[in-house]
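Asks: One structure, pasted below without further comment.
See below:
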């Protein structure tokens, strides 16, 4: 499988009054995993100690890079997720690579369940690439498509 396992730290503020991760906080955890997986830190931040993810792709960074816009999210919760000092393990992959968009799938786990026998949530985010100046969708070029193809795997199946 071409997935990436990304550790995302949790914050105490991610919990709601019932003691589990709030639905909005879950989207933040997914966003953090997506950023850590596919976007590299700018060189000036790396020089100051920013983490360099070995899987980060330089294709979405730099002066002429397209912007990425979230078109949709789908999250299905399987069970409550409480606070974890060891963070969560978010399994991330690209489930569809379109002309100007891609679908990113996630499985939210913990480090004591790396085999995903009891995930907390599954999710999908659809991302559209847009020209930074015009705001119009822009197609993935061949180099970007080739770099992303290494992380393509079959899509999740959601409940109807």
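Residue numbers (this note's numbering): 3 to 162.
Built from N, CA and C at the ideal position, the CB exists for glycine as well.
From what residue to what residue does the beta strand (DSSP E) around residue 93 run?
Replies: Here the beta strand (DSSP E) through residue 93 covers 90–99.
Asks: Can you check DSSP and say which residues form a bridge with residue 129?
Replies: In the DSSP output, where bridge partners are listed per residue, residue 129 has 72, 104.
Asks: If you count every other CB in all the chains shown that lies within 10 Å of the CB of residue 95, and 16 or more means buried, which is it?
Replies: Burial call: buried.
Asks: Along the alpha helix (DSSP H) that carries residue 29, what are the first and last residues, could you check?
Replies: Element bounds for residue 29: 25–40.
Asks: Is it a yes or a no for the segment 96–103 touching the segment 118–125, going by three-plus beta-carbon pairs under 8 Å?
Replies: Contact between the segment 96–103 and the segment 118–125 is absent, because fewer than three Cβ pairs lie under 8 Å.
Asks: Hey, quick one: how far does the beta strand (DSSP E) through residue 10 stretch, first residue to last?
Replies: Residue 10 -> beta strand (DSSP E) spans 6–10.
Asks: Among the residues of its own chain, which have a CB less than 6 Å from the CB of residue 118, if the five just before and after it don't count?
Replies: Result list for residue 118: 109, 111, in chain order.
Asks: Do the segment 83–97 and the segment 6–15 make contact, defined as three or more Cβ pairs closer than 8 Å?
Replies: Touching, per the Cβ criterion.
Asks: Go to residue 120, then tell me how far its alpha helix (DSSP H) extends in each direction, as first and last residue.
Replies: Residue 120 -> no alpha helix (DSSP H), and no H or E assigned at all.
Asks: Since residue 48 is in the alpha helix (DSSP H), which residue starts that stretch and which ends it?
Replies: Here the alpha helix (DSSP H) through residue 48 covers 45–49.
Asks: For the candidate residues 129, 162, 147, 114, whose alpha-carbon lies nearest to that of residue 36?
Replies: The option with the nearest alpha carbon to residue 36 is 129.
Asks: Suppose the cutoff is 8 Å on Cβ atoms and the five residues either side in sequence are ignored; what does the same chain contact list for residue 31 look like?
Replies: If we look at residue 31 and ignore the five residues flanking it on each side, its Cβ neighbours are 10, 12, 16, 23, 90, 92, 110.
Asks: Within a Cβ cutoff of 8 Å, which residues of the same chain sit near residue 160, ignoring the five residues on either side of it in sequence?
Replies: Cβ within range, chain order: 76, 78, 124, 126.
Asks: Exposed or buried, what is residue 114 when buried is set at 16 or more other beta-carbons lying within 10 Å of its beta-carbon?
Replies: Result: exposed.
Asks: Whole angstroms are fine: how far does the CA of residue 85 sit from the CA of residue 21?
Replies: The straight-line gap from Cα to Cα measures roughly 8 Å.
Asks: Using DSSP with H/G/I as helix, E/B as strand and the rest coil, what is residue 142?
Replies: Here residue 142 sits in coil by DSSP.
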